[in-house]
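Inspection log for the structure reproduced underneath, given as structure tokens.
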Amino acid sequence: MVYFISKSKRGKVKTVSEYYTITQTGGQDMAKENVVIFDTTLRDGEQSPGVAINTQDKVRIARRLEGMGINVIEAGFPAASPGDFEAVKAVAEACERATVAALARTSREDINRAWEAIKNAKRPRIHTFIASSSIHMEHKLHMSPEAVLEAAEEAVRYAKSLCNDVEFSAEDASRSDRDFLCKLFVAVIEAGATTVNIPDTVGYAIPDEFAELVRYVIANTKGINKVVVSVHCHNDLGMATANTLAGVMAGARQVEVTVNGIGERAGNTALEEIAMAIRTRSTSFPVEMAIATEQIVSISRLVQMITGMPIQPNKAIVGANAFAHEAGIHQDGVLKNPMTYEIMRPESVGLTSNIMPLGKHSGRKAVIAKLREMGYVLSNQELNDLFAEFKKLADKKKVITGEDLEVLVSAIVKTPETFRLDYLLVAAGTDIIPTATIRIINNDGKIVKAEFGNGPIDAVFNTIAKITSSKAELARFSISGLTGGTDAQGEVIVCLKENGWTAIGRGVDPDIIVASAKAYLNGLNRLEYLRANPPVVSPNDVLS
Ligand code: KIV
Ligand code: ZN
């Protein structure tokens, strides 16, 4: 039995952080400096295997990031592909307050492409990088340290001639020679860099050592006091958040993060973990930030839906179990006083039941008003499609929650559909061989076929594979209830692999067999999309 504490009970008590603020500091806050929150969900996050975020979705995520107070949004790597260029340009033009950064290697072509994409932003930033560790310089770049130094300096000087705000990253900094790193930073600061970033590119660092590196750089780099020192950590050993916070304790004043910690391999430092650590342990950190943490759950769900990357239930802050109390002894303690087992209020991350009186009788205006409240502004066509889906769902489900609406929105704004489900009939039971009959629409018209399987879902997948002539291998399959109650919408996530491509497919429906068919088709559509829009540079080659 999982137990959630009601809002009214929480209202009577202080949070643990309020309690400790008063007991440890007598209520006096220490002097704080601002920490810049740099979100790279749309760039490093998009480098998660199988993830491709289209332009429209990038703009949706960027608007939400800006709305919650993120200072810098890294929108992509414009030189990687024409699609990435367009997406960065669209994000740059959509953001009003946040700085929009574009990534570039040190070549003039990359920097020109980055500048072209962001030059219309209210606050543009060029982010250029080159590797500084011996292993990368020798085996990947085939460049001497002197050549790397010259390329970095020249790139920053050129970027500065185009844009006032220039960030320089020394890729694989945590495995670089410290004195070479400082020499590199001195050169780029003299060339005009305004932020210098210390990445733990391969997630190799441990907190004490990483803090020591940040302190060393600050103490030994001439001109460092004129720029912002940034940290960018990967999670290969599960220490990205710890290393980032150690960096902050050592003097870093920019942290690079992604929503849900998505990113290359084991991912990047999670935005939600950093924001809630700084908020919950405010007396322990010398920094403050202006992030509306109440929007964390909603943006986490949006990113989960758009990327199709599921969140593990025990994930800190945003996992389904993060605020659930299972053990009787814990439930008893929380009932007596939530501070016994709860260090954060669920409301502080925006976790509420989110039930709203929308249903079968709700009109278009009520739906539009709720969408606005949730931060969605859709085109007329999208609203028409959404409202039609809303009415269909309202026939099956009495109350439509905010989560249901999020699911509908994500289904409307999606990957181009090469294959579309038109009809599905499944026969299954104790004395019958599971059989599926499916009709799919593609560019050539409608195709209908039937196939057997070991179970109903296997029969559905076999039939779809037969119709689409797909040879994709099903590498992962998961089903979960997306919303609460017995009339919940089921969510199916599949991971498909074919000829070196990997794609995540997602399907949502109150019927899990239909959700499975939708997920499989969504995965095939993503594979088609990847094949038609291959990245010019494989992100795995040079970035992490
Ligand atoms: O991990 C890394 O080194 C990067 C840089 C491009 C900042 O992502
Ligand atoms: Zn990275």
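Numbering follows the working numbering, with no gaps: position 358 of the sequence shown is 1386.
Cβ coordinates follow ideal geometry from the N, Cα and C atoms, glycine included.
Check residue i in the structure and name its three-state DSSP category.
i     : result
Y1451 : strand
T1321 : helix
R1038 : In this predicted model, R1038 has a pLDDT of only 42, less than 50, meaning its place in the structure is not dependable; the value taken from the coordinates is given anyway. Looking at R1038 - three-state DSSP - the assignment turns out to be helix.
F1351 : coil
S1508 : strand
C1191 : coil
S1258 : strand
K1424 : helix
D1264 : coil
N1550 : helix
L1555 : helix
F1213 : helix
A1560 : helix
D1539 : coil
Q1517 : coil
P1227 : strand
A1247 : helix
E1137 : helix
Q1409 : helix
T1491 : helix
D1432 : helix
L1524 : strand
Mind checking whether residue i and residue j have CB atoms under 9 Å apart?
i     : j     : result
Y1232 : S1202 : yes
H1164 : D1200 : yes
E1301 : T1321 : no
G1097 : V1119 : no
S1544 : F1480 : no
V1488 : A1464 : yes
A1132 : A1187 : yes
S1376 : R1307 : yes
M1337 : I1089 : no
P1152 : C1210 : no
P1538 : K1424 : yes
A1145 : K1168 : no
T1249 : N1271 : no
L1386 : V1435 : no
M1317 : I1065 : yes
L1093 : A1126 : yes
T1368 : G1378 : no
G1535 : K1546 : yes
R1141 : A1122 : no
T1229 : H1260 : yes
P1235 : A1274 : yes
K1388 : A1422 : yes
I1158 : A1198 : yes
If we count the other Cβ atoms within 10 Å of its Cβ and call it buried at 16 or more, is residue i buried or exposed?
i     : result
E1061 : exposed
P1110 : exposed
Q1340 : exposed
M1029 : Confidence is the limiting factor: at M1029 the pLDDT is only 34, short of 50, which leaves the residue's position unreliable, though a coordinate-based value still follows. M1029 should be labelled exposed.
E1137 : exposed
E1102 : buried
Y1451 : exposed
G1295 : buried
R1559 : exposed
D1432 : buried
N1550 : buried
E1166 : exposed
V1325 : buried
E1124 : exposed
H1155 : buried
S1497 : exposed
S1160 : buried
T1335 : buried
I1521 : buried
G1430 : buried
N1263 : buried
D1459 : exposed
Since residue i and residue j are thought to touch, with beta carbons under 8 Å apart, how far apart are those beta carbons, to the nearest angstrom?
i     : j     : result
I1290 : T1446 : Contact flag wrong, Cβ pair sits at about 25 Å.
G1251 : I1217 : 4 Å
V1214 : F1196 : No, V1214 and F1196 are not in contact; Cβ-Cβ is about 11 Å, not under 8 Å.
V1256 : R1281 : 5 Å
G1078 : C1523 : 6 Å
K1086 : A1115 : 5 Å
I1475 : I1492 : In fact, because the Cβ distance is near 10 Å, the residues do not count as touching under 8 Å.
K1499 : E1526 : 6 Å
Segments of 3+ residues assigned as beta strand (DSSP E) that fall wholly inside the stretch 1076-1116: 1100-1104
For the stretch 1265-1310, which segments carrying the beta strand (DSSP E) assignment without a break, of at least 3 residues, lie completely within its bounds, in sequence order? 1282-1285
Unbroken alpha helix (DSSP H) runs of length 4 or more, entirely within the stretch 1146-1201: which are they? 1173-1190
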